[in-house]
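Okay, structure first, notes after.
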């Protein structure tokens, strides 16, 4: 099966990425989890380690193995890059080529042609903000495919578009994308 790099970013929906990790692993994929610092405020890295049976990568500046450069090696072995949930902050970083954390550094180091999926999750106003929409348009030009958020009652109490896509929808897009490669 595929080597999937799952980037979990700072959104209340981060807990849903645990189910996504579990489902991908049960399907036979090797899942490498990257987490932004803010994602760790919502869910513990140990959860993903237990579900993926792999080390969870948190910090671009921590190099456990002096014979390799972690973010480069992860990028080279990635068959599919998935950001779920994708926060507005991470979308902005990816759209503008920043590489100041493990998620954005691996993304920038991905070889040309590696499929990239993003599943945004945020407040409706943040999602609909012209800056976020501009970032999503830029990312589409960089061959990122968006898995659209759902309309729902959000954690903040607002109702609107911004809820993470259902896990089944994300799994379906992953499967379809991998079969296209």
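In UniProt numbering, the protein residues as written are 1 to 181. Ideal Cβ placement from N, Cα and C applies to all residues, glycine included. Quick caveat: nothing in here was measured; it's all calculated off a predicted structure.
Runs of alpha helix (DSSP H) wholly within the region 123 to 174 (minimum 4 residues, chain order): 124 to 128, 130 to 141
Would you call the region 124 to 142 and the region 83 to 96 touching, i.e. three or more CB-CB distances under 8 Å? yes
Taking the alpha carbon of residue 170 as the reference point, which residue from 118, 60, 156 has its own alpha carbon closest? 118
Neighbourhood of residue 136 by C-beta, 7 Å cutoff - its chain only, sequence neighbours within 5 removed: 91, 146
Rounded straight-line distance, which links the Cα of residue 69 to that of residue 148: 33 Å
On the criterion of 16 or more Cβ atoms from any shown chain inside 10 Å, does residue 81 qualify as buried, or is it exposed? buried
Let's see if you can read the secondary structure: which residues bound the alpha helix (DSSP H) around residue 47? 45 to 52
Integer-rounded CB distance, given that residue 49 should sit under 8 Å from residue 43: Not a contact, Cβ separation roughly 12 Å.
Please name the residue, chosen from 4, 37, 87, 114, that lies closest to residue 21 on a Cα-to-Cα basis. 4
Between which two residues does the alpha helix (DSSP H) harbouring residue 103 extend? 102 to 109
Taking contact to mean 3 or more Cβ pairs, one atom from each stretch, closer than 8 Å, check whether the region 156 to 166 and the region 121 to 129 are in contact. yes
Which one or two residues does DSSP pair with residue 185 in a beta bridge? With the chain covering only 1 through 181, there is no way to say anything about residue 185.
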